[in-house]
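Undergrad: Take this structure, written in structure tokens, and hold onto it; I'll ask about it next.
2 protein chains.
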Amino acid sequence: MENPRPPATLADVAERAGVSRQTVSNAINNPDLLRPDTLARVQDAIESLDYTPNQAARHLRTRSSHLIGMRLTPAQEYTANTTMDRFVHALVEASREAGYHVLLFSGGRVAEGELPDPLGGYDDLLRSTAVDAFVVTDTYLGNPQTVGLTLRRAPFVAFGRPWDDANAQHPWVDVDGAAGVQAATEHLRGLGHERIAWLGWEPGSRIGEDRRAGWHRTMVAHGLSTTGLEAAVPDTVAAGREAAATLLDASDCGPTAFVCASDTLAVGALHTLAARGLTPGDDVAVVGFDDSQVAQVMGLTSVRQPLEEAAVHLVAELRLLLAPVPTEPGGVLLAPRLEVRTSSTRG
Amino acid sequence: MENPRPPATLADVAERAGVSRQTVSNAINNPDLLRPDTLARVQDAIESLDYTPNQAARHLRTRSSHLIGMRLTPAQEYTANTTMDRFVHALVEASREAGYHVLLFSGGRVAEGELPDPLGGYDDLLRSTAVDAFVVTDTYLGNPQTVGLTLRRAPFVAFGRPWDDANAQHPWVDVDGAAGVQAATEHLRGLGHERIAWLGWEPGSRIGEDRRAGWHRTMVAHGLSTTGLEAAVPDTVAAGREAAATLLDASDCGPTAFVCASDTLAVGALHTLAARGLTPGDDVAVVGFDDSQVAQVMGLTSVRQPLEEAAVHLVAELRLLLAPVPTEPGGVLLAPRLEVRTSSTRG
DNA sequence: GTGAAAGCGCTAACAA
DNA sequence: TTGTTAGCGCTTTCAC
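Same order as they appear, the protein sequences are chains A and B. Per full-length UniProt numbering: the first sequence = residues 1 to 347. Per full-length UniProt numbering: the second sequence = residues 1 to 347.
Below, the structure written as structure tokens:
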């Protein structure tokens, strides 16, 4: 029933169909070139032999592996950060529809006290022509990857804006964090909140600054004061818990709502509310960012990045990049969506 | 500084080192065959040309891609199920150390109302010789994959026991769920609990039955009754919440602790406690399964699967499987570890 | 210990 | 429209 013997080759199909190997190749790659009856005959042979082109041979000949490389950053446990994983799923799906597969690699173990090599893992894959292009996702830290890859003439698309480089020459796709936080803040304002606090990250992160800007500009637009309504802390639950407590205590008239730079910080805020017997939504509203599983199961209102959409755009940019006729690299900015749950709705 | 031109080939290195191409190949694959000085000369040339063997050519010639295929199952949102993602990270890392990369693929979109093809995606990769082997992770559903892959003589290692097939001929690695739940139950017993309830899945899942067995045998071993202390529901937060409420109400003397088949169900139980003003740990203890990020940030005691270890074993089995001398396929059962947090410890 | 020849399976270029 | 030729870069024989 099945085939224990080696897979059929192009030559097998050609022999079976009574045509040359090249004709079979054309039947697969340029079916228009064949006369309908020849095509049908070849397709029959392909089907009956269960033929699939050998990837290695095709890869060697065409210099295209149909593989997209993506470096997996170490999983962050004890946080609610799940964006990377959701993105991997989305990318695999989007790639499949474009005829690509995703090759995952890691930067390698980083020795104690050493900085990780920003290009670790990329170089080998590049020189060995194992992948056609990269998706670079960890530009968040200040993207030394994009510079290095550009120097090496490696095709790549970034998931993340080229913050530090206005005239970057690579395509990118990003999510408009400021717009997401703005939507969150407007949502809270619409519910009557006026003292809306920002629970954000320490300075130095462009993403963090961007998200904060969404809060700040919305407050200003509504003529609301931001004084004493802001904290900048590391991205941990404990830091969020403490910062929320401090904000609630410090102001003469404490915040009635928190907008957070991450679900992790938002969970910290929820812990503080619970410890004080305050009900999320009813007493104090909390909104997070990322729509992690944590937010979903805790009923935390959160800003959801459209990662599926982002992946589709990334793959589209990639195909443009790899197309024979080079195109101007594009940038795509997507709007996130607010997922409203009980942590922000008065019951 | 960098190389805008095509990567160096073996021939380039040979010319530079003043040897034949074959000698360069030997320098890489069988260094022992060369005289030390020749070897050194070749290695110099390799370094100065920044040479890395072309994967496609090597793959074509050796029939080995050094790629491990793994099918990504659709992400489960609104649950705390994060095992698959943690496993992917672990597998990428373990593969790297063995000189392999991980190729991700998806089963393809499933049409409305149709069952997904259990072998979707596998076949093409197999026939096109794109991957050397598979890691099959979704055996949980009753593994039609393993049967199909065996028929096709595809090398694979399963993450999950061959439940339905005592004399399965493929290697596998699994985590002893019963032992994990037993540890959780013992933990609760050690804290003085006697009415320990099992919040489990509906029948039909071997994994679910296995985990339940860990609870049941521990209760029996301690001479504790299990009557009225058990629920079998779908794996959702809402189901867990309702089941926990029912269990608390139904018994004359309700359970003082819940052991759950998943973090998702455990979160449901926590919701019920919160709604009744009960404090987890102090009033009623709750233990989950999977050590998801949700458990970590909510302070939920949970059974953690040793996925890093599992990945290392999987890759080891894979290498055995792909080695020239075939070995008896092995099975490895790993013990999980209980991560104790505040949801089970009296304050 | 080193080199020469052959060929893995495919497709780009050209010839018929 | 179809067939022929050549070669992608590498490794596996087998001579030297």
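Beta carbons: idealized from backbone N, C-alpha and C, even for Gly. All of these numbers come straight from a predicted model, not from anything done at the bench.
Considering only residues of the same chain and omitting the five flanking positions on each side of residue 1 of chain B, which have a CB-CB separation below 6 angstroms?
TA: With a pLDDT of 36 at residue 1 of chain B, under the threshold of 50, the modelled position of that residue is not reliable, and no figure is offered here.
Undergrad: DSSP puts residue 134 of chain A in a beta bridge; with which residues?
TA: For residue 134 of chain A, which the question treats as bridged, DSSP gives the partners A:69, A:156.
Undergrad: One question on the structure: do residue 163 of chain A and residue 206 of chain A come within less than 9 angstroms of each other, judged by their Cβ atoms?
TA: Yes.
Undergrad: Is the CB-CB distance between residue 177 of chain B and residue 329 of chain B below 9 angstroms?
TA: Cβ atoms of residue 177 of chain B and residue 329 of chain B: not closer than 9 angstroms.
Undergrad: Residue 343 of chain A and residue 231 of chain A: beta carbons closer than 9 angstroms?
TA: It is not a contact, given that the beta carbons lie outside the stated cut-off.
Undergrad: Do you know offhand how far residue 185 of chain B's Cα is from residue 198 of chain B's?
TA: Straight-line Cα distance between these residues: approximately 9 angstroms.
Undergrad: Is there a Cβ of chain B sitting closer than 9 angstroms to that of residue 59 of chain A, yes or no?
TA: Residue 59 of chain A counts as touching chain B.
Undergrad: How big is the Cα-Cα spacing for residue 269 of chain A and residue 88 of chain A?
TA: Roughly 29 angstroms between the two C-alpha positions.
Undergrad: Cα-Cα, which of A:84, A:220, A:59 is closest to residue 130 of chain A?
TA: For the residues A:84, A:220, A:59, the minimum Cα distance to residue 130 of chain A belongs to A:59.
Undergrad: Does the region 26-36 of chain A come into contact with the region 99-110 of chain B, if we say contact requires no fewer than three beta-carbon pairs (one atom in each stretch) closer than 8 angstroms?
TA: No, the region 26-36 of chain A is not in contact with the region 99-110 of chain B.
Undergrad: Does the region 77-93 of chain B touch the region 295-305 of chain A, meaning 3 or more C-beta pairs lie closer than 8 angstroms?
TA: Enough Cβ pairs lie closer than 8 angstroms, so yes.
Undergrad: I think residue 214 of chain A touches residue 260 of chain A, with their Cβ atoms under 8 angstroms apart; what is that distance to the nearest whole Å?
TA: Residue 214 of chain A to residue 260 of chain A, Cβ: 12 angstroms. No contact.
Undergrad: Take residue 201 of chain B as the anchor and find which of B:239, B:191, B:219 has the nearest alpha-carbon.
TA: Considering only alpha carbons, the answer is B:239.
Undergrad: Bridge partners for residue 101 of chain B per DSSP, in chain order?
TA: BP columns for residue 101 of chain B point to B:67.
Undergrad: Among residues of its own chain, excluding the 5 on either side of residue 86 of chain A, which ones have a beta-carbon nearer than 6 angstroms to its beta-carbon?
TA: 307, listed in sequence order.
Undergrad: Using beta-carbon positions only, say whether residue 134 of chain B and residue 223 of chain B come within less than 9 angstroms of one another.
TA: No, they are not a contact pair.
Undergrad: Where do the N-terminal and C-terminal ends of the alpha helix (DSSP H) with residue 12 of chain A fall, by residue?
TA: Note, residue 12 of chain A: alpha helix (DSSP H), 10-17.
Undergrad: Do you know how far the Cα of residue 99 of chain B is from the Cα of residue 338 of chain A?
TA: Using only the alpha carbons, I get a separation of about 42 angstroms.
Undergrad: Can you give me, in chain order, the residues of the region 89-103 of chain A that have a beta carbon less than 7 angstroms from any beta carbon in chain B?
TA: Within the region 89-103 of chain A, the residues whose Cβ lies closer than 7 angstroms to some Cβ of chain B are 89, 92, 93, 96, 101, 102, 103, listed in chain order.
Undergrad: Any C-beta of chain A sitting closer than 9 angstroms to the C-beta of residue 52 of chain B?
TA: Closer than 9 angstroms: yes.
Undergrad: Counting contacts by CB-CB distance shorter than 9 angstroms, is residue 159 of chain B in contact with chain A?
TA: Residue 159 of chain B does not count as touching chain A.
Undergrad: According to DSSP, is residue 45 of chain A part of a helix, a strand, or is it coil?
TA: If DSSP states are grouped into helix, strand and coil, residue 45 of chain A belongs with the helices.
Undergrad: Going by the C-beta, is residue 21 of chain B closer than 8 angstroms to any heavy atom of the ligand PLP?
TA: Absence of the ligand PLP from the depicted structure is noted, as is the absence of any ligand whatsoever, leaving it without description.
Undergrad: What residue range is occupied by the uninterrupted beta strand (DSSP E) comprising residue 235 of chain A?
TA: No beta strand (DSSP E) holds residue 235 of chain A; DSSP gives it neither H nor E.
Undergrad: So, at 7 angstroms on beta carbons, what are the nonlocal neighbours of residue 84 of chain A in its own chain, with the 5 sequence-adjacent residues on each side left out?
TA: Hits under 7 angstroms: 73, 137.
Undergrad: Closer than 8 angstroms by C-beta to residue 16 of chain B: which residues in its own chain qualify, once you throw out the five before and the five after it? Chain order, please.
TA: Excluding sequence neighbours, residue 16 of chain B sits near 45, 48, 49.
Undergrad: Among B:209, B:189, B:281, B:248, which one has its Cα closest to the Cα of residue 219 of chain B?
TA: The residue with the shortest Cα to Cα distance from residue 219 of chain B is B:189.
Undergrad: Report the neighbours of residue 128 of chain B on chain A: residues whose CB is nearer than 9 angstroms to its CB, in chain order.
TA: Those are 7, 52, 53, 54, 55, 56, 58, listed as they occur along chain A.
Undergrad: Give me the Cα-Cα distance between residue 92 of chain A and residue 52 of chain A, rounded to the nearest whole angstrom.
TA: Using only the alpha carbons, I get a separation of about 21 angstroms.
Undergrad: For residue 215 of chain A, which beta-bridge partners are listed by DSSP?
TA: Residue 215 of chain A pairs with nothing; no bridge assigned.
Undergrad: Please say whether residue 174 of chain A and residue 195 of chain A have beta carbons closer to each other than 9 angstroms?
TA: Contact flag unset, no.
Undergrad: With a threshold of 9 angstroms between beta carbons, is residue 219 of chain B in contact with chain A?
TA: It does not; no Cβ of chain A falls within 9 angstroms.
Undergrad: Note the first and the last residue of the continuous alpha helix (DSSP H) segment covering residue 337 of chain A.
TA: Where residue 337 of chain A is concerned, there is no enclosing alpha helix (DSSP H), although the beta strand (DSSP E) it sits in stretches over 337-339.
Undergrad: Could you tell me whether any Cβ in chain A is nearer than 9 angstroms to the Cβ of residue 78 of chain B?
TA: Chain A contact via Cβ: present.
Undergrad: Is the shortest distance between the beta-carbon of residue 85 of chain B and the beta-carbons of chain A less than 9 angstroms?
TA: Output row for residue 85 of chain B: interface = yes.
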